[in-house]
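Q:
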Amino acid sequence: MLKPDPSDPIVVTGMGVVCPLGVGVPTMWERLTAGRSGIVQNDRFDTTGFGASIAGLVPAKANDPQGFDPIDFIDGKDVKKMDLFIQYAIGAATEALNQANWHPTSPEDQAATATIIGSGVGGSPVMARAVETINTKGARRLSPFTVPSFLANLAAGWLSILHGFRGPIGTPVTACAASAQAIGDGMRLIMTGEAEVAVVGGAEGSVDPISVGGFAASRALATTFNDRPQEASRPFDKGHDGFVLAEGAAVLVIEKLSHAKARGATPLAILAGYGTSADAYHLTSGSPDGAGAQVAMRNALTMAGVDPSQIGYVNAHATSTAVGDAAEIAGISAVFEGRGKDLAVSSTKSATGHMLGAAGAFEAVVTVQALREGVLPPTINLNDPEEVADKFNLVPNVAQKAQVDYALSNSFGFGGVNAALVFGRI
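Residues in the sequence shown are numbered from 0 upward in steps of one, following numbering that gives the first Met the number 0.
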């Protein structure tokens, strides 16, 4: 197994988010740790007949001073060329790159910068509108930017073009594990010497009729709390009835500690380990014993050189589905055998909903913040926990102060994809 050099670890030097809790890491963290929810009524389209009428929507700046306006990050003439997921990625990357102070101008630095931005779906809203245009106005009325605005790799493409990043570029499209795998891919590129810096993360903007209708047809979405959206996402709670579809983006800048020090950058946390695996079990459900998830978690711990006893916090993938949450707890229980309330396990999807391909990177940012701030983000809406999960400290409803040295973040996706990341405190 390829392992980072303990004397020169890979570190995070920049982070950015666009999410249902607002734009920017400080805003997100303040609202997340205060127990706020970003889940609201879905006003993107008429949800009559869809079953689920709520979503985790990125707030517009017109309605929230800490909300999103693409013009803050993108030239107005370019906005119409890109679907929401690309806009969100650019917004999150702007914050991350500014914090890292990485704006390479030399050919050498540009060639040494990798861009790996995952997405589970890409621009499905554009696809939905394109079909409507064809049916009502004809194919000749389609924009020439239709295809470039929905291709999943165009978030990475736009970032590369805008910032002159000429190193390796890629886009994992592995459902809800996509951006966690993007971080792992960037980590490997640095370890092999193919890149000095990697801009990694994920973006999703697919709160649209295709996605909502499709997930609703599979009975995966929460429908019981349509009249109380902020209570709908309930990981580990007996009242959960499905996940809440959400959108957003998160981007991290990673590099070796020596590279960061040489240019005066401030390391935020150590990216210590990465593991990934396949369930080879079912299209949409993980093995009930979390067997594939166990492999990913153990591989991440092995790469990091960290014993399970050293992990103080797990940011769970837990989406608020009965089957998925139970399988993850089974996996965590096996990997962290003998642990109980001394291990904190929380799901921040309770506050944001499920951002699909952006979830892993967003939760990586949350995990880094937990290490930096000495605060564990809560699992909100946790009033009647499932017994199998309640063995752990689920950080119910209220954030907790706790200084931990190592934390793990899980991401799992349709098709049986598992990814786990280990972060260490600086």
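Where is the CB? At the ideal position from N, CA and C, for every residue including glycine.
1) Starting from the Cα of residue 140, find the closest Cα among 339, 163, 408, 128 and give me that residue.
2) Near residue 14, which residues of its chain fall below 6 Å by C-beta distance, leaving aside the five closest residues on each side in sequence?
3) Excluding the 5 residues preceding and the 5 following residue 373 in the sequence, name in chain order all residues of the same chain whose CB lies nearer than 7 Å to its CB.
4) Give the range of the beta strand (DSSP E) segment to which residue 372 is assigned.
5) Cβ atoms of residue 317 and residue 323: under 8 Å apart, would you say?
6) Looking at residue 369 and residue 377, is the spacing between their C-beta atoms short of 8 Å?
7) Restricting to Cα atoms, I'd like to know which of 249, 11, 394, 119 is closest to residue 340.
8) If residue 17 sits next to residue 67, beta carbons under 8 Å apart, how far is it from one beta carbon to the other, in whole angstroms?
9) Confirm, please, whether the CB-CB distance from residue 244 to residue 211 is below 8 Å.
10) Can you say whether residue 134 is buried or exposed, counting buried as having 16 or more other CB atoms within 10 angstroms of its CB?
11) If you scan the stretch 81-148 from start to end, which runs of the beta strand (DSSP E) of 3 or more residues do you find wholly inside it?
12) Does the Cβ-Cβ distance between residue 48 and residue 82 come in under 8 Å?
13) Short check: CB of residue 12 to CB of residue 266, under 8 Å?
14) Indicate the three-state DSSP secondary structure (helix, strand or coil) for residue 401 in the structure shown.
15) Looking only at its own chain, which residues have a Cβ that is under 8 Å from the Cβ of residue 384, when we skip the five neighbours before and after it?
16) Which of the three DSSP states is assigned to residue 260 in this structure?
17) Once DSSP output is grouped into helix, strand and coil, what is the label at residue 14?
18) In this structure, does DSSP put residue 395 in helix, strand or coil?
19) Just to check my reading of the structure: residue 111 and residue 196 have Cβ atoms closer than 8 Å, yes? What is that Cβ distance to the nearest angstrom?
20) Among 173, 290, 56, 189, which one has its Cα closest to the Cα of residue 278?
21) Three Cβ pairs or more, each shorter than 8 Å: is that satisfied between the stretch 212-230 and the stretch 52-71?
22) Mind the definition here: the stretch 28-39 touches the stretch 291-300 only if three or more C-beta pairs lie below 8 Å; say whether that holds.
23) Whole angstroms is fine: what's the gap from residue 299's alpha carbon to residue 180's?
24) Compare the C-alpha of residue 351 against each of 30, 91, 423 and name the closest.
25) What ranges does the beta strand (DSSP E) occupy inside the stretch 151-232, keeping only unbroken runs of at least 3 residues that lie completely in it?
26) Could you tell me which whole beta strand (DSSP E) segments of length 3 or greater appear in the stretch 285-357?
27) Give a yes or no on contact between the stretch 200-219 and the stretch 83-91, applying the rule of three or more CB pairs nearer than 8 Å.
28) Buried or exposed, going by whether 16 or more other CB atoms sit within 10 Å of the CB of residue 218?
29) Can you look up residue 70 in the DSSP assignment and give me helix, strand or coil?
30) Evaluate residue 130 with the Cβ neighbour count: other Cβ atoms within 10 Å of its Cβ, from every protein chain shown; 16 or more gives buried, anything less gives exposed.
31) With residue 255 as the anchor, note down where its beta strand (DSSP E) starts and where it stops.
32) At what residues does the alpha helix (DSSP H) containing residue 75 begin and finish?
33) With C-beta atoms as the reference, is residue 421 less than 8 Å away from residue 305?
34) Excluding five sequence neighbours on each side, which residues of the same chain lie with their C-beta closer than 7 Å to the C-beta of residue 230?
35) Starting from residue 267 and walking both ways along the alpha helix (DSSP H), at which residues does that stretch end?
A: Taking the definition as stated:
1) 128
2) 24, 95, 251, 364
3) 400, 401, 402
4) From DSSP, residue 372 is part of no beta strand (DSSP E) but of the alpha helix (DSSP H) over 358-372.
5) yes
6) Not in contact: residue 377 and residue 369 (Cβ atoms no closer than 8 Å).
7) 394
8) By a beta-carbon distance limit of 8 Å, residue 17 contacts residue 67. Their separation comes to about 6 Å.
9) yes
10) exposed
11) 112-117
12) Contact: no.
13) yes
14) coil
15) Hits under 8 Å: 235, 236, 237, 393, 395.
16) helix
17) strand
18) strand
19) Between residue 111 and residue 196 the beta-carbon gap is near 6 Å, inside 8 Å, which marks them as a contact.
20) Considering only 173, 290, 56, 189, the residue with the shortest C-alpha distance to residue 278 is 290.
21) Enough Cβ pairs lie closer than 8 Å, so yes.
22) The answer is no - the stretch 291-300 does not touch the stretch 28-39, with fewer than three Cβ pairs under 8 Å.
23) 12 Å
24) 30
25) 196-203
26) Counting only runs of 3 or more, we get 310-314, 343-345.
27) yes
28) Note on residue 218: under 16 other CB atoms within 10 angstroms of its CB, so exposed under the neighbour-count rule.
29) helix
30) Exposed, because fewer than 16 other Cβ atoms sit within 10 Å of the Cβ of residue 130.
31) 247-255
32) It spans 75-78 - the alpha helix (DSSP H) in which residue 75 sits, taken as one unbroken run.
33) yes
34) For residue 230, where only same-chain residues beyond five positions count, the Cβ hits under 7 Å are 224, 380.
35) Taken as a continuous stretch (DSSP letters only), residue 267 belongs to no alpha helix (DSSP H), as it is neither H nor E.
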